[in-house]
Amino acid sequence: MDKALLIHPGEILKEEFLEPHGVSANKLAQNLGIPTNRVTAIINGTRRITGETAILLGHAFATSPEFWLNLQLRYDLDTARMTVSEDAIRNADHFARSMAA
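So for the sequence shown, full-length UniProt numbering puts the first residue at 1; every next one is plus one.
Given below as structure tokens:
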């Protein structure tokens with residue numbers, strides 16, 4: 001997968017939830033009772049969405065916490081797929097075959 005195709009959940013938060021409603025990171029943070037730098041870091045793609053933040057975002061935007069955590073999980077897995085070496089995958093496959101024998 002091309003790194004340019006990776007979409008951090010913060011990008012979705014910004015483009016699909018904040019910008020359409022004219023909400024700033026500061027306003028969201030104040031209303032959720034969390035530090036502004038946490039929201040800004042999520043939007044900038046430098047911080048993960050935690051369970052706590054997912055719960056708050058779910059309530060704030062009438063979504064579920066699972067929605068936010070699934071976005072994060074998909075991003076994490078796509079990122080990992082880009083970094084795990086083919087050798088490591090072959091070794092894991094070999095191990096799986098040896099366990100089945």
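In this text, a Cβ means the ideal position worked out from N, Cα and C, and glycines have one as well. The model shown is predicted, which means the values in this text are computed figures rather than measured ones.
Identify whether Leu77 lies in helix, strand or coil by the three-state DSSP scheme. Your numbering for residue 77 matches position 77 in the sequence shown. In the structure shown, Leu77 sits in a helix (DSSP, three-state: H, G or I).
Member of Asn44, Pro65, Met82, Leu57 whose CA lies at the smallest distance from the CA of Arg29: To locate residue 29, count along the sequence shown from 1; it is residue 29. The question names Arg, yet the displayed sequence has Ala at residue 29. The candidate whose alpha carbon is nearest that of Ala29 is Leu57.
Does DSSP put Ser98 in a helix, a strand or coil? For the purposes of this step, residue 98 is taken as residue 98 along the sequence shown, with counting starting at 1. In the structure shown, Ser98 sits in a helix (DSSP, three-state: H, G or I).
Identify which residue in Thr63, Ile12, Gly33, Thr83 has its Cα closest to the Cα of Ala43. Stepping through the sequence shown from its first residue, residue 43 is reached at position 43. This sequence places Ile at residue 43; Ala is not what is there. Ile43 has its Cα closest to that of Ile12, out of Thr63, Ile12, Gly33, Thr83.
At the level of alpha carbons, what is the spacing between Gly51 and Glu15? Taking the sequence shown and counting its residues from 1, one reaches residue 51 at position 51. Taking the sequence shown and counting its residues from 1, one reaches residue 15 at position 15. Between Gly51 and Glu15, the C-alpha separation is close to 21 Å.
Thinking Leu18 and Ile49 are a contact (beta carbons under 8 Å), I'd like their distance in whole angstroms, please. Against the sequence shown, residue 18 aligns to sequence position 18. Against the sequence shown, residue 49 aligns to sequence position 49. Contact doesn't hold; Cβ gap of about 14 Å is too wide.
For Pro65, the nearest candidate out of Tyr75, His94, Thr53, Arg74 (CA to CA): Walking along the sequence shown from the start, residue 65 turns up at place 65. For the residues Tyr75, His94, Thr53, Arg74, the minimum Cα distance to Pro65 belongs to Thr53.
For Ala25, is the classification buried or exposed, using 16 other Cβ atoms within 10 angstroms of its Cβ as the cut-off for buried? What you label residue 25 is simply residue 25 of the sequence shown in a count that begins at 1. Result: buried.
Contact under 8 Å by Cβ, Asp78 with Leu6: If you number the sequence shown from 1, residue 78 lands on position 78. If you number the sequence shown from 1, residue 6 lands on position 6. The answer is yes: Cβ separation under 8 Å.
Which runs of the alpha helix (DSSP H) spanning at least 4 residues fall entirely within the UniProt domain "HTH cro/C1-type" (21-68), listed in chain order? Within the UniProt domain "HTH cro/C1-type" (21-68), the complete alpha helix (DSSP H) segments at least 4 residues long are 25-32, 36-43, 51-60, listed from N- to C-terminus.
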